[in-house]
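S.K.: Protein chains in written order, with our numbering: chain X, 16 to 264; chain E, 254 to 1020.
Idealized CB from N, CA, C, for every residue including glycine.
None of the values given here were measured: they were computed from a predicted structure.
Pasting in a structure now, in structure tokens, and then I'll have a few things to ask.
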């Protein structure tokens, strides 16, 4: 491990990459066609009070299509949620509310809106494409004997972002993000994010995400379990009809 | 009396004190000044705080509930800002653009926790079967269509509209919540500086408990400072006219100033050492300097007038000074002891600042005694006095008046007593009419800026007083939500309550929106799963804080907020009682309900003030009587010493009743002024009576001649504080008026009732 680390370090010193290249490498990182897992999301407020949701999730195309069924809390069991990202358009989101036996389309036009009351906003969940952001490599850093690029991402004005910039620590070996700091429009630190990955079927899959809203003192912990990849999920799964069909788990 | 250098009194303690002033005046002055400076250096640690909640004891139920509400739902004290032009529709592109800018400015303020206005509100709409959660105003520059959309959304949701727009739609409303960690005056200043320059072309109204509480300390202090200075000027004039000696007046003022700074310094030191809220300089503490001033003035006046009278007969500085001090040391000490005992009774008060108030005032009184018995005679000793000056050789106006009074009362004691008793009867008939009003809104005169703003908000908006009901139960349970709705329906029946809102309102709105905006569904769904589903749908695209003003994080506690027009304390009493009865009778579901809010806190404060005042009065009377009995070794003197106090208290509270002056946490302090000054007069009278009773002639006449003058001069000069009548604040006006009555009642209580009683029972007393 040490040897490989030194080799990587030497290569990176010999071939320093710019921010844009690093960003492209992150985008092009090898990813599965689809992922199935169980998500446990715990929200903790500044007074230490907790709320936990458990869901079955299936996603495709780098999370551009995702369907979720709620398992817990008991009162929410059966609620289902479908999200489909469409290039240059608002996301399509639909919900199945079993108590009303109705599907409703929901919309949040505010990028800064929280996703399910968590500290993750819709903007946090969307990919940072090259077109709408400026990237800059700030410096290299070694943490626990591993080399990281420290990448600054500044959203362009037309993106109308809720952030002024993000600073990410990118693992040089596998181009995964170890941690990230996001700054609000005033330039003050808003969120800190920490990621953990498991190596599953030759992919680095995020299995734990912790997001801390520094200004509100609120924390969100997302843990993914029962992860399986490349299950050839059919396109028809990401359809309104599927919302009503609670999957076996 | 032997006139040797070191023997001035037959009493060894008196002798020591007099010796320090006459034989070592410079040493005594230097020592006194250094000690005063050391104590007063604590003024740098003096901390001003007017948080009403800090006044209340920690175990007070409404305070505990209030604090738990603040913890669960954030600060409930807010500032309302309304801007617009009367009778001109305010919903237009320009005003909304200004509102957007205002929100942006507020966002940047460190003291601001949250903002509620059109620019910051979210709308939940059903658009073609599409549940859309979006900003109500999504950009700064909105066009006519956007304005129409906003208008139509508000029309559809009248409860939301009431919070964001005035009743005639001519003012836009912003409600701003402060962060817990900042003081309200700081919060208020920041909000005002953000609002005023931006809304120059509008009529602007500011209100809310945070605004009033944040503005009040500074306003009162500025107002009282000017009026106290005026009072001081009047006091100095009266002293000057009667003493006719600049040096004499300067000496009294020096004593007052040194005592005042020592008291404030001790308060600062105690706060620094203990870090206790008791030693914060709160609004209630504003009266401390006035009380100490009257007491120190009394000590100084007694010494200076006695010295002048002795100089007139002795023509010898040392002899006149030693005779004066020999006659005054014991009564001054005794008045100090009894007054301190009376003020220390405040330690039993349930109100936190009153404990510090009593302790610090006692330190000030002690220091006034120290200075009047050591430093003041030393300063007199160092002066060169002209024996032929008018100040010394001729009687002053008040002295002549005292002589006339002495003739009058001594010649017809029974008539005088009956005359005094008639006043007591007048007082007694008014006591039951004394009303309590601790509502801060009523502190302001009609026509003042703050009162105008409050009246505007009462008439045009949802009012500025709030009632909070904390409901503990499952906030997703339709039965609980129904009970909440029932309470809201009951609340809104009270004509002063203009708006109520709770989680039930949010669920009803979500239900209607979900069911294709059909008004029929603006109800609470009767299945728990449906409520769950609606909340989940809402949370899918909103912040975890969106519902934080109506329900806590785990949906176990809900908050009903009722906004009302200004109520008097009596109206609050009766309303809360009715609400409690309703809740007990009609709320069947197993939920725990606690009523709190600024209104309830005020009610509890009123109860405490009454308890505290009564306790303080009775304890003071008991202590003064006991100490006097012990010192004079006769229970009759003990009882007589509290007669002027008792009569003055009856008369003053009676007059409060007759003149409809309300009892509140500021006017309740009046009993302390009466005790402080009344004890002083009575003890001086009794001491001189006992001293002079050993001599031949009409004792009572001699006593009135002797102490009547300083009593009248002290009372007359203290009446300068009647200038407080011109205050902009109603309670301060009351203090000004009642100060005059207190001085009249305490001095006449001594010179009429006490002297008449002594005259009637003099044979028994002298035997």
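Between the C-alpha atoms of residue 494(E) and residue 452(E), what's the straight-line distance to the nearest angstrom?
M.R.: If I take the Cα positions, the gap works out to 53 Å.
S.K.: What residue from 808(E), 973(E), 346(E) and 684(E) has the CA that sits closest to residue 401(E)'s CA?
M.R.: Cα-wise, what sits closest to residue 401(E) is 346(E).
S.K.: Does chain E have any CB closer than 8 Å to the CB of residue 46(X)?
M.R.: Chain E contact via Cβ: absent.
S.K.: Over the uninterrupted alpha helix (DSSP H) stretch that includes residue 723(E), give me the two end residues.
M.R.: Careful: residue 723(E) lies outside any alpha helix (DSSP H), inside the beta strand (DSSP E) at 718-725.
S.K.: Using a Cβ cut-off of 8 Å (strictly closer), state whether residue 255(X) contacts chain E.
M.R.: False, the Cβ-Cβ gap to chain E never drops below 8 Å.
S.K.: Decide if the segment 550-560 of chain E is in contact with the segment 577-595 of chain E; the criterion is three or more beta carbon pairs, one per stretch, under 8 Å apart.
M.R.: Cβ pair count under 8 Å is three or more, so yes.
S.K.: On the CB-based measure, 16 or more other CB atoms within 10 Å of its CB, does residue 626(E) come out buried or exposed?
M.R.: Classification for residue 626(E): buried.
S.K.: Buried or exposed: which applies to residue 330(E), given that a residue is buried once 16 or more other Cβ atoms fall within 10 Å of its Cβ?
M.R.: Result: buried.
S.K.: For residue 91(X), go through chain E and note every residue whose CB falls closer than 7 Å to its CB, in chain order.
M.R.: Those within 7 Å of residue 91(X) in chain E are 785 and 789.
S.K.: Who are the near neighbours of residue 209(X) in its chain, counting only those whose CB is closer than 7 Å to its CB and skipping five residues on each side?
M.R.: Closer than 7 Å at the Cβ level, and outside the excluded window around residue 209(X), lie 194 and 225.
S.K.: Please check if any C-beta of chain X sits within less than 8 Å of the C-beta of residue 373(E).
M.R.: Chain X, which has no Cβ nearer than 8 Å to the Cβ of residue 373(E), makes this no.
S.K.: Alpha carbons only, please: which of 245(X), 66(X), 170(X) and 94(X) is nearest the one belonging to residue 197(X)?
M.R.: Comparing Cα positions, the closest option is 170(X).
S.K.: Given that residue 224(X) touches chain E, what residues does it touch there, using C-beta distances under 9 Å?
M.R.: Those do not exist, as residue 224(X) stays about 16 Å from chain E at its closest Cβ, beyond 9 Å.
S.K.: Return no unless some Cβ of chain X is closer than 8 Å to the Cβ of residue 782(E).
M.R.: Output row for residue 782(E): interface = yes.
S.K.: Is residue 551(E) near residue 930(E), with beta carbons less than 8 Å apart?
M.R.: Their beta carbons are under 8 Å apart, which means residue 551(E) touches residue 930(E) by this criterion.
S.K.: Measuring CB atoms only, is the segment 424-433 of chain E touching the segment 320-330 of chain E, in the sense that at least three cross pairs come out at less than 8 Å?
M.R.: The segment 424-433 of chain E vs the segment 320-330 of chain E: in contact.
S.K.: Please say whether residue 549(E) and residue 512(E) have beta carbons closer to each other than 8 Å?
M.R.: Yes, these two residues count as a Cβ contact at 8 Å.
S.K.: Can a CB atom of chain E be found closer than 8 Å to the CB of residue 70(X)?
M.R.: Chain E contact via Cβ: absent.
S.K.: Measuring CA to CA, which of 192(X), 104(X) and 63(X) is closest to residue 41(X)?
M.R.: For the residues 192(X), 104(X) and 63(X), the minimum Cα distance to residue 41(X) belongs to 192(X).
S.K.: Which runs of the beta strand (DSSP E) spanning at least 3 residues fall entirely within the segment 280-342 of chain E, listed in chain order?
M.R.: For the segment 280-342 of chain E, whole beta strand (DSSP E) runs of length 3 or above, ordered along the chain, are 332-337.
S.K.: Please specify which runs of the beta strand (DSSP E), each continuous and at least 3 residues long, are wholly inside the segment 169-227 of chain X, giving them in chain order.
M.R.: Complete beta strand (DSSP E) runs here, min 3: 178-186, 192-199 and 204-215.
S.K.: Does the segment 271-280 of chain E come within contact of the segment 625-645 of chain E, defined as at least 3 CB pairs closer than 8 Å?
M.R.: In short, these stretches touch, since the Cβ pair count reaches three.
S.K.: Tell me whether residue 362(E) sits in a helix, a strand or coil according to DSSP, three-state version.
M.R.: In the structure shown, residue 362(E) sits in coil (DSSP, three-state: anything other than H, G, I, E or B).
S.K.: Is there at least one Cβ from chain E nearer than 8 Å to residue 260(X)'s Cβ?
M.R.: Chain E contact via Cβ: absent.
S.K.: Would you list, in sequence order, the uninterrupted beta strand (DSSP E) runs of no fewer than 3 residues that lie entirely inside the segment 754-783 of chain E?
M.R.: Segments of the beta strand (DSSP E) lying fully in the segment 754-783 of chain E: there are none.
S.K.: Can you find a C-beta in chain E that's less than 8 Å from the C-beta of residue 64(X)?
M.R.: Interface residue, yes.
S.K.: Does the contact criterion of 3 or more C-beta pairs under 8 Å hold for the segment 957-973 of chain E versus the segment 650-663 of chain E?
M.R.: The segment 957-973 of chain E is in contact with the segment 650-663 of chain E.
S.K.: DSSP on residue 81(X), reduced to helix/strand/coil?
M.R.: Residue state, collapsed to three classes: strand.
S.K.: List, in chain order, every chain E residue whose beta-carbon is nearer than 9 Å to that of residue 201(X).
M.R.: Residues of chain E passing the Cβ test: 360 and 361.
S.K.: Can you list, in chain order, the residues of its chain whose CB lies under 6 Å from that of residue 254(E), leaving out five sequence neighbours each side?
M.R.: Unreliable positioning characterises residue 254(E) in this predicted model, as indicated by a pLDDT of 42, which lies under 50. The coordinate reading is nonetheless provided below. Excluding positions up to five away in sequence, the list is empty.
S.K.: Expressed to the nearest angstrom, what Euclidean distance is found between the alpha-carbon atoms of residue 146(X) and residue 101(X)?
M.R.: Going by the C-alpha atoms only, they are around 16 Å apart.
S.K.: Taking Cβ-Cβ distances shorter than 9 Å, what residues in chain E pair up with residue 78(X)?
M.R.: Within chain E, no residue comes near residue 78(X); the closest Cβ sits about 17 Å away, beyond 9 Å.
S.K.: Look at the Cβ atom of residue 1015(E), then the Cβ atom of residue 952(E), and state whether they are nearer than 8 Å.
M.R.: Taking 8 Å as the Cβ cut-off, residue 1015(E) and residue 952(E) qualify as a contacting pair.
S.K.: Which chain E residues sit within Cβ distance under 7 Å of residue 112(X)?
M.R.: Result: 786 and 790.
S.K.: Quick check on the burial criterion: 16 or more other C-beta atoms within 10 angstroms. Buried or exposed for residue 574(E)?
M.R.: Flag for residue 574(E) reads buried.
S.K.: Who are the neighbours of residue 52(X) on chain E, taking C-beta pairs under 9 Å?
M.R.: By Cβ distance, chain E contributes nothing, its closest Cβ being about 19 Å from residue 52(X), past 9 Å.
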